[in-house]
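As given, the protein sequences belong to chains G and D, one line each in that order. Here the UniProt record's numbering is used: position 23 in the first sequence is 23, and no number is missing along the way. Here the UniProt record's numbering is used: position 410 in the second sequence is 410, and no number is missing along the way. Cβ atoms here follow ideal geometry from the backbone N, Cα and C, with glycine treated the same way. Shown next, in structure tokens, is the structure this report addresses.
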Amino acid sequence: MFCAVSTMTDGDYDYLIKLLALGDSGVGKTTFLYRYTDNKFNPKFITTVGIDFREKRVVYTATNSNGTTGKTFKVHLQLWDTAGQERFRSLTTAFFRDAMGFLLMFDLTSQQSFLNVRNWMSQLQANAYCENPDIVLVGNKADLADQREVQEKQAKELADKYGIPYFETSAATGSEVDKAVITLLDLVMKRMEQCVDKPAQEAPNGEGTSKLEAAPPNEKKCAC
Amino acid sequence: MDLSVLEVLEREKVLEVLQRDKILRSLEEERIRKMKLELQEIRRKGAKSFSRQYSERTCARCQRPLGKFWNCGAVCHGCSHRICNKCRINVTAQEWKCTVCHAYREVKIKSGEWFLEERAKKFSADADRHETTGEKLLKSYQRLSTISIVPPTPPPFTEGPSSGRSGGLHSSRPFTKSMENLFVSLTTHIKKISKSQDDVTADPGLLTADYGGIPSKERRSQSDTAINRPFSMTKAPSLPDLFKRAKSDNEEVQRMAEFCTDEDISPGADYHQEKRGSISSVCTELGIFDHNSSVTGEIELALVYNSTASCLEITVNGCKNLAYGDEKRKKCHPYVKIYLLPDKSPHRKLKTTVKKNTTDPVFNETLRYNIELPLLASRTLQASVWHSATLRKKVFLGEVLIPLHEWKFKDNSTQSPTWYLLCPKPGITEGYPGEQYNGTLLIKAKFTPPSQLSTVANPQREEVCMGQLSILVTGVTNLTVSKYSGTLNSFVKGCLSLPGGRELTQRTLPQRRKSNSQWNHQLVFSEVPEANLPGCCLDLELWDHASFSLAHRSLGGAKLEGASSWQQLLQTPNTWYDFTLPMQASASMKKT
Ligand SMILES: Nc1nc2c(ncn2[C@@H]2O[C@H](COP(=O)(O)OP(=O)(O)O)[C@@H](O)[C@H]2O)c(=O)[nH]1
Ligand SMILES: [Mg+2]
Ligand SMILES: [Zn+2]
Ligand SMILES: [Zn+2]
């Protein structure tokens with residue numbers, strides 16, 4: 001569905017999509033994004049100061065409603081990286097409002113980072129552009145199997161509770177990294193379409209699913 | 001957001017990130033700008049607009065006639081216009097949109113407008129919904145750093161000799177821009193001591209491959225590379241200077257509303273023809289008047305005649321998608337000015353207030369023009385949008401001309417607010433550099449309906465009533481063509497575009513006359529369907545015939561269009577009607 005494009009310095013793209021990674025300090029946000037944009041791993045731990053971002057261009061192929069592939073678009077991704085530390089909190093959360101989708105990360109080798117996911121969720125709810133933004137839950141450092149503290153089942157349950165996708169990734173090996181980002185991008189792309197098409201079909205009672213049956217049966221009939 | 005929690009070096013790291021973000025943002029703004037221009041083009045081509053009034057029975061997009069029983073079109077849910085089969089684009093399997101509505105939808109998605117709209121639902125209190133946190137933060141840095149960081153001795157700020165004219169106000173380089181310069185110099189300086197955000201060193205080979213671009217567009221794909229310098233480092237003003245100017249910047253905008261009268265001296269084919277060309281060139285030289293390279297956007301107006309107060313009430317609701325008055329700095333302080341042409345006397349001018357920093361200003365102002373109702377018929381409402389750049393400098397952003405002779409002031413439907421496309425001034429369209437085309441083409445027109453022609457000739461074609469349109473070009477006034485003695489060997493080309501795309505072209509023989517004497521160029525278009533005449537557009541172009549195999553010179557063109565003009569001809573057939581058509585550089589004219 002996606003593939004990377006090399007040149008990035010021009011305005012030749014169809015969408016600018018801004019995603020943001022959040023989660024406790026040390027869970028691997030910076031390393032994860034570096035893996036995604038550059039496909040490299042850096043074992044050193046350098047604390048992110050406040051905020052940072054990386055960029056990548058990908059080609060997005062839309063899927064039609066019947067499942068066939070449709071048009072392709074160039075997407076310029078701006079991937080915001082945030083510092084997890086408390087002292088940067090006011091700064092980083094301020095950036096939440098400009099992002100269209102979120103990678104909520106925790107460290108599979110740290111139970112505490114998993115417990116904090118709930119707090120990050122409420123931060124998102126308060127600061128993101130809407131009440132229910134597109135989020136992907138990411139359990140990182142899957143390669144450190146022997147140090148694992150969070151079980152897949154546990155994390156999956158939490159993700160289901162929020163109704164968001166869950167991925168176990170490793171920035172060290174690159175496993176599932178692309179998939180997590182792509183899934184989020186796909187959600188955002190779908191959201192855009194929904195947002196612009198919604199006003200025309202929004203039922204006043206808010207019952208979105210019944211609107212198809214409610215459509216006038218004689219739609220095709222000529223009015224003249 | 002409390003930046004004081006950051007230490008100085010941390011602050012610099014964040015500032016670097018914000019600078020990179022700013023570069024991406026300007027790239028993005030440029031992209032959106034282009035996209036909106038393209039949308040504007042699509043709209044222009046297929047829009048219900050003044051100049052192209054269309055009847056109920058034509059497709060609102062392509063103006064092709066629609067049948068009564070077959071190919072009768074359907075109403076677009078987006079714009080409620082009747083649309084033919086060809087001008088529909090499927091959005092989903094069940095739903096379609098007309099070409100214009102579809103283009104709107106695309107732009108809304110691709111420009112990120114959807115996001116801003118969604119967010120506005122949640123954070124409705126936000127003053128500037130476009131401003132990102134990065135942008136805001138960058139501004140607050142500029143405030144903060146004046147206290148905590150001493151700049152590395154900026155070069156003295158020198159004012160050019162020309163700027164002395166209007167004192168300090170004139171030199172209003174936007175505050176933020178100058179500060180940016182300062183900061184770039186700052187960060188490059190600090191760069192030497194501090195390392196970048198993270199320590200991941202990028203593959204140098206990869207970097208060079210990524211950086212093919214022009215310096216101003218050059219951007220790093222890595223978050224860890226050195227900051228680049230998109231802005232020049234010269235002219236960094238001293239800090240106290242900056243504060244002074246930032247303050248006056250605001251006051252200035254406020255005051256502009258009251259003081260600006262200079263923009264009335266505007267170039268182009270206008271309703272006043274006296275020496276306009278020379279005045280305009282002087283003005284442009286002085287920098288008083290600037291016309292924008294591109295005109296975009298729309299204006300929403302409502303016209304109501306208040307018979308108790310005997311005045312025309314013009315409600316200016318707002319504009320959208322305006323061009324930046326200051327393209328470079330992405331600034332726009334728009335206001336709207338209204339005349340009822342031909343009266344351009346300054347005391348009859350109406351103006352809205354100036355809105356700051358927006359290309360989608362909301363005015364909601366009602367302007368009142370005292371005039372007796374019968375007099376309105378001879379007037380044309382001119383609503384022009386201007387960017388208030390400085391006290392004396394105004395930038396033209398577009399205008400709309402609404403002829404009032406056919407306006408039904410009693411009719412409720414004409415009183416509701418309507419969006420009008422903004423147009424460039426006819427006289428200053430690009431394409432003919434160095435020459436000013438103005439003047440007025442004097443023509444007569446008459447329509448001879450089929451009954452006056454030999455009716456028996458074609459009995460089998462009685463369902464289409466073909467008439468004959470005669471045009472007589474009798475002269476031109478106020479033609480200012482540079483380097484011209486006054487004698488013209490003129491001829492006229494005419495192109496009549498019928499709804500549905502059919503075009504009839506005619507050309508007269510050259511006549512050697514003084515340019516101010518009477519001409520007699522007659523064009524006859526036969527086979528003009530009577531029913532289609534109101535939707536026709538007649539392009540006339542006046543040429544100077546070259547004697548010695550040189551290329552003919554175009555002296556400008558004029559248009560006759562609009563249902564109301566043609567209606568007169570239909571109502572009293574076989575009668576000559578006089579029209580005076582403002583001339584313009586006829587770039588739109590097809591070569592025949
Ligand atoms: N083994 C392993 N180490 C990782 C992984 N992701 C990150 N790390 C390491 O975890 C540390 C913290 O990573 P970092 O990206 O700086 O965390 P951040 O604070 O969330 O940005 C670094 O030393 C990384 O090398 C991973 O998937 N596997
Ligand atoms: Mg980090
Ligand atoms: Zn059509
Ligand atoms: Zn439509």
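The beta-carbon separation of LEU555/D and TRP543/D, rounded to 6 Å, stays under the 8 Å limit for a contact.
Per DSSP, the continuous beta strand (DSSP E) segment holding ILE51/G begins and ends at 51 to 63. Distance from the CA of ASN321/D to the CA of MET121/G, rounded to the nearest whole angstrom, comes to 36 Å. The Cβ-Cβ distance between LYS56/G and TYR36/G falls below 8 Å. The C-beta distance from VAL395/D to ILE299/D rounds to 16 Å, too long to meet the 8 Å contact threshold.
THR132/D reaches chain G at ASP98, counting residues in chain order whose Cβ is nearer than 8 Å. Looking at the DSSP output, THR418/D sits in a beta bridge with LEU301/D. Scanning its chain for C-beta atoms nearer than 8 Å, with the 5 sequence neighbours on each side dropped, one finds around GLY73/D the residues CYS59, LEU66, ARG82, ILE83, CYS84 and ASN85, in chain order. Proximity of the beta carbon of ASP81/G to ligand 2 is indicated: a heavy atom of the ligand is located closer than 7 Å. Annotation for HIS76/G: TYR13, LEU16 and ARG57 place their beta carbon closer than 6 Å to its own, counting only its chain and skipping 5 residues before and after. Under DSSP, ASN85/D shares a beta bridge with no residue. With a cutoff of 7 Å, PHE32/G counts as near ligand 1, since its C-beta is closer than that to a heavy atom of the ligand. Any Cβ of chain D closer than 8 Å to the Cβ of GLU131/G would place that residue at the interface, and such an atom is present. ASP134/G: member of the beta strand (DSSP E) spanning 134 to 140, first to last residue. Contact annotation for VAL14/D against chain G: VAL49, GLY50, ILE51 and LEU91 [CB-CB distance below 8 Å, chain order]. A distance below 7 Å between beta-carbons, with the five flanking residues on each side excluded, links THR63/G to the following residues of its chain, in chain order: THR69 and GLY70. Across the set MET192/G, LEU158/G and ASP186/G, the C-alpha of LEU158/G shows the shortest separation from the C-alpha of PHE106/G.
Taking a Cβ-Cβ cut-off of 7 Å, the neighbours of MET192/G in chain D comprise ILE109 and TRP114, given in sequence order. Put simply, of LEU79/G, GLN78/G and ILE164/G the residue whose alpha carbon is nearest the alpha carbon of GLY139/G is ILE164/G. Pairing GLU530/D with VAL492/D gives a Cβ-Cβ distance that is not under 8 Å.
Taking 8 Å as the CB threshold, ALA94/G lines the interface with chain D. Identification of residues in the UniProt domain "C2" (295 to 420) of chain D having a C-beta nearer than 9 Å to some C-beta of chain G yields an empty set. When the alpha-carbon of LEU367/D is set against those of TRP70/D, LYS68/D and LEU381/D, the nearest one is in LEU381/D.
Closer than 8 Å to the CB of GLU527/D there is not a single CB belonging to chain G. Interface residue (Cβ-Cβ distance to chain D less than 8 Å): GLN125/G is not classified as such.
Any Cβ of chain D closer than 8 Å to the Cβ of GLN85/G would place that residue at the interface, and such an atom is absent. Taking a C-beta distance under 8 Å as the contact criterion, HIS405/D and SER564/D qualify as a contact pair. In the structure shown, LYS156/G falls within a helical segment according to DSSP collapsed to helix, strand and coil. Taking 8 Å as the cut-off, the beta carbon of LEU104/G is found closer than this to the beta carbon of LEU137/G. A residue is called buried once 16 or more other Cβ atoms fall within 10 Å of its Cβ, and GLN506/D is buried on that count. Membership of ASN119/G in the alpha helix (DSSP H) is indicated by the continuous run 117 to 127. Residues of chain D with a Cβ closer than 7 Å to the Cβ of VAL196/G are, in chain order, ARG105, LYS108, ILE109 and TRP114. In terms of beta-carbon proximity, GLN78/G lines the interface with chain D, with at least one pair separated by less than 8 Å. The bridge partners DSSP lists for PHE491/D are TRP543/D. Per the CB criterion, closer than 7 Å to any heavy atom of ligand 3, the qualifying residues run in chain order as CYS59/D, ARG61/D, CYS62/D, ARG64/D, ILE83/D, CYS84/D, LYS86/D and CYS87/D. For ASP21/D, the chain G residues whose C-beta falls within less than 7 Å of its own C-beta are PHE53, listed in chain order.
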